[in-house]
Amino acid sequence: MSGRGVLSAMPWGAELDLGEVDNIVERHKWRRGGALEVLEDIQEHYGWVSPGAVQRVADLTEWSPTYLYGVVTFYDEFRIAPPGTMRVDICNGSACALNREDGVLHEIERVLDVNEVSDASPYDLFTQNKFGYVSDDGKVILRKVDCVGACQLAPLFRVSKEEHDGHHDVEFVGPITPQATEEALKAAFARFGETLPTAGSGSQAPGDVFMKGNLGTE
Amino acid sequence: MASYQELKAQADQRWQDKISQQRPRIILAESAPDYDMGGRRTKAAFQDEIARRGLDVCIERTGNFGMDWKAPLVTVVRPGAPAVWYGPVKAADVPRFLDEAVLGNRVNNGLGLFVDANEPYQGIPALQSLPWFSVQRRIIMELWGRIDPEDVFDYIAHGGYSALFKVLSGELPPERVIEELKTSGLAGRGGGYFPIGIKWEGGMKARGRPKFVVCNTEEGEPSIYKDRRLLESNPHMLIEGMTICAAVIQSHKGYNYIGPHPLAVERFNRAVQQANEVGILGKQVLGFDLEFDIETRRGFGSYVSGEASAMQASIEGGRALPRVKLQRSVEAGLWEKPTVVNNTESFSFVPSILNNGGAWFAGIGQGMTGTKMYSITGHNEFVGLIEAPFGIPVKHFANELAGPMRSGRPLKTVIFGGPTGGPIPPHLFDTPANPKDCNAIGLLAYGAGGVIVLDDSACILDVIKYFMAFMENQSCGKCTPCRIGCHELLVTLSRISEGRGVPADILTLEDMGDQVAKLSICGHGQAAPYPVFMALQHWREEIEAHILDKRCPAGVCRMKPPEEVGQTGYLLMQPVRVH
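Quick note, the sequences are listed as chains X and C, same order. If you're matching positions, the first sequence starts at 1 in the numbering used here and goes up one per residue. If you're matching positions, the second sequence starts at 219 in the numbering used here and goes up one per residue.
Here you go:
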């Protein structure tokens, strides 16, 4: 771990235009149980829920930042770090997890040049949903996600471009084997007009994603 | 405001126009598995090719049929011939497909799956002759793959909303509805199997106002995807069920809590919008004196919010923490008001029960009435959705419904009930698949209908460790037995799988599992240790091989060298991740 405090180095999203937050709050303010809706719309619009946006919502409503953070950190789909350009989700539903050959994850990590994730320990199976692993150039976010309901392809991963509209341009790739992983990733990235990340110098601790202030903002 | 009769006449007319066309119809299945397998590209290819050649062919849309392993599915209906189903039709196949199957005479072009007729047609088998289909009985899935899920008139033309009309017009007063539901024995399909008739009666008699109707489509457990497919394939069936419930309990507001399933949310929202446009929802439902409106709430990925009280907390806008239930939710649920919470599948059964009578439904199935939807997944080939009566032997799930193993290896086990179920050993495959008989063999939670089929490359310890990792991660952290107990069970299981198990670990698992099951406040913790119990009951030898012989019979678990034994220390002092 680096010596810096987490909060001081946390990406604040100061460069974001928070004007839309006001509109979103206005839309849901008077609805019962609107907090979750507000946060979901913020996530949909910006791709992540930045501390600045949370503060803005708290300023405009009676919900405290603590309460809002409680909600954001409870649900797996919320993200409190900025998105990259591409997103690779490895499905961790039972059909995928139990079908997966050893080495597939390591191969994906190698190709995408992210920090090593071990699938040996069950603690790692689900713990990285919030922040994800990011490739060295900050371009790709690699996450393990719960069942995506495409079990006919198991074991699979899905590739999408970060455009916040989620469903429409998602490329599902499966069944994957360690040998075919690199080609499959390359083909999937090519469909979005992207190339694989260039090989970086070294790996970083997953916690550092949290520390990096400039992710996806270049 | 159109009356039901006008809507029905209009719908019949539109359906007649649709099926009496004198040109070939290409019906594309458009549900999530079809899209995943390139269905959008196939559709674009069809559109381009038809426009380029200037063909007189119409393209239509339908939902899922259950054959996910053959997606994307395409149905071709030519005038004077039975409907033929093809799959998988990839974009590259489209020009050849048009030449042969749509315009030419080579109907059987190698992609043909079945025909919707009693006799085989040009060498393509009839649907009823497929073993996969003949053991099924479809009530909810009857119209899947046949009607357009984004067109309310398709549903009305097939008898949709007639049950709602009967209820509102007084032909079936609320008391009769409750009576029929009680006769039918319909039980909640989310995994709890609580009788719906009794729940609705409680909702009807509850004195608080306003009342709420809540549908649970959260569906966050791994390997189950039936409810989202229901919304993708026939969302109006659910809207009808929810509206009938509203008419019975006199509610004016419904919520559908949908998990992070984008296409299901999209289709359901569209269906609600259409229902509002034609006057099925809104200020006057079908012109009668009932106001009812359905709002969609998106779940944002949390398994525990499938628990009824946690889901209510989530709809109220906070963290999905379950509550200690001093009162039932029909007395004090959402915002402490009377609330009827049911699973998507349960609501969707109601229209057919009211149309055909409770006794008809009660005559289906053994051990429990009616049919059940299952999503089948795992090492098998036939990955998809099926609907079968309760009480068919488990071996059907291992044979006809699962198909051959993809690897060609022998089958090892069938797991019912998702992450809280358990692996059923082959010598018990004659057990009828219903909650009662499965409880008797140690499968304590029958679950919501997730079936996982595994071949002999799977290790039972690995499977239950996987389930426990899921339950531990998704524990909300509110009550201690679940938060720490699941973690400790997981630590113990991992230790065994690393070859560092000691014989006392089996006692630890039994004892701690017992405490977690008995002391947790909601179903999450109460059911979390069930797979462990099932494994210890039926697969003890395999677990013991890990502990005593330090070997994994299936070769899955990575046994560490013995010098690492004894490194764990104070387990309870380890940080417990709570979110």
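We put the CB at the ideal spot given by N, CA and C, even for glycine. If you're wondering where the values come from, they're calculated on a predicted model, not measured in any experiment.
Residues of chain C with a Cβ closer than 9 angstroms to the Cβ of X/Val54 do not exist; the shortest Cβ-Cβ separation is about 14 angstroms. For X/Tyr75, the closest Cβ of chain C is nearer than 8 angstroms.
Here C/Gln530 is buried, its C-beta having at least 16 other C-beta atoms within 10 Å.
Following the DSSP letters along the chain, one finds C/Thr293 inside the beta strand (DSSP E) bounded by residues Val292 to Val295.
Within a 10 Å sphere around the beta-carbon of C/His454 sit 16 or more other beta-carbons, which makes this residue buried. With respect to chain C, the C-beta atom of X/Arg32 has a partner C-beta closer than 8 angstroms. Burial state of C/Lys261 is buried, judged by a 10 Å Cβ sphere holding 16 or more other Cβ atoms.
Scanning C/Tyr748, C/Arg713 and C/Asp729 for the CA closest to the CA of C/Leu661 turns up C/Tyr748. Boundaries of the beta strand (DSSP E) harbouring C/Glu605: Gly602 to Pro607, taken from the DSSP string. Inter-residue distance for C/Glu450 and C/Met285 is about 14 angstroms (C-alpha atoms, whole angstroms). Considering only C/Leu504, C/Glu554, C/Tyr304 and C/Ala489, the residue with the shortest C-alpha distance to C/Arg425 is C/Glu554.
Looking at the DSSP output, C/Glu513 bridges to C/Tyr473. Going by DSSP, C/Thr280 is part of the beta strand (DSSP E) stretching over Cys276 to Thr280. Among the residues of chain X, those whose CB is under 8 angstroms from the CB of C/Ile670 are Ser94, Ala95 and Leu98, following chain order. Within the region 398 to 446 of chain C, the runs of alpha helix (DSSP H) at least 4 residues long that lie entirely inside it are, in chain order, 414 to 423.
Setting aside the 5 residues that flank it on each side, C/Lys384 is surrounded in the same chain by Leu390, each with a C-beta closer than 6 angstroms to its C-beta; the list follows chain order. Judged by beta-carbon spacing, C/Val302 lies within the 8 angstroms limit of C/Val294, meaning their Cβ atoms are closer than that value. Listed in chain order, the beta strand (DSSP E) runs fully inside the region 536 to 602 of chain C are 557 to 561 and 589 to 596, counting runs of at least 3 residues.
Taking CB atoms only, C/Ser520 has a neighbour in chain X less than 8 angstroms away.
In this structure, the alpha-carbon of C/Val466 lies about 52 angstroms from that of C/Asp723. In the three-state reduction of the DSSP assignment, X/Lys144 falls in the strand class. Under DSSP, C/Ala269 shares a beta bridge with no residue.
With respect to the 8 angstroms criterion, C/Leu679 and C/Glu760 are classified as neighbours on the basis of their beta carbons. Runs of the alpha helix (DSSP H) lying entirely within the region 637 to 712 of chain C, each at least 4 residues long, are 653 to 658 and 678 to 692 in chain order.
In the structure shown, the three-state DSSP call for C/Leu348 is coil. Leaving aside the five residues that flank C/Pro478 on each side, the residues in its chain whose CB is nearer than 8 angstroms to its CB run, in chain order, Arg516, Gly517, Phe518 and Gly519. Residues of chain X with a Cβ closer than 8 angstroms to the Cβ of C/Glu534 are, in chain order, Arg32 and Gly33.
The count of Cβ pairs closer than 8 angstroms, one atom from the region 97 to 110 of chain X and one from the region 574 to 593 of chain C, stays below three, leaving the stretches out of contact.
In the three-state reduction of the DSSP assignment, X/Leu196 falls in the coil class.
Per DSSP, reduced to three states, the secondary structure at C/Lys384 is helical. Less than 8 angstroms separates the beta-carbon of C/Pro607 from that of C/Gly583. Cβ proximity to chain X below 8 angstroms picks out Pro478, His479, Pro480 and Leu481 from the region 455 to 483 of chain C.
Counted as a single uninterrupted DSSP element, the alpha helix (DSSP H) harbouring C/Lys613 occupies residues Val612 to Ala616. In this structure, C/Ser523 sits away from C/Arg407, with a CB-CB distance that is not shorter than 8 angstroms. Between C/Val490 and C/Leu504, the C-beta gap is not smaller than 8 angstroms, which leaves the two residues out of contact. Classified as buried, C/Ala745 has 16 or more neighbouring CB atoms from the shown chains inside 10 Å of its CB.
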